[in-house]
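Below: one structure, written as structure tokens.
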Amino acid sequence: MSMVVTQPCFGCKHTDCVVVCPCECFHEGENMLFIDPEHCIDCEACIPECPVDAIYHEDNVPEEWHAFVQLNQEMSKVCPQIT
């Protein structure tokens, strides 16, 4: 399991969450950030740092944003890592 960046991040790309990530699992897309589920260690440090409340544990992603689970998996493989 991992953290998932969802719809509220679209268009804002704040990096408060990136700063506290101990495993550098964030990737920067054109319109939002993504979390690589293979590198996320489930520490949840990013959740309280997100100013738009866009990050959820995979098990707690709201139903309307469930597609973001797969989107994070796919986009983290093609977008550059951000540190």
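Quick note: to get the numbering used here, add 1042 to the position in the sequence shown (first position is 1). Glycine is no exception: its CB is placed at the ideal position from the N, C-alpha and C atoms. Owing to the predicted nature of the structure, the values given are computational and were not obtained by experimental measurement.
query                                                                                                            : result
Are the CB atoms of W1107 and T1048 within a distance shorter than 8 Å?                                          : yes
Which stretch, first to last residue, makes up the beta strand (DSSP E) that contains M1045?                     : M1045 to V1047
Could you tell me the alpha carbon to alpha carbon distance between F1110 and E1070, rounded to whole angstroms? : 15 Å
Roughly how many angstroms separate the alpha carbons of N1073 and V1103, rounded to a whole number?             : 20 Å
Count the other CB atoms within 10 Å of the CB of M1043; is the residue buried (16 or more) or exposed (fewer)?  : exposed
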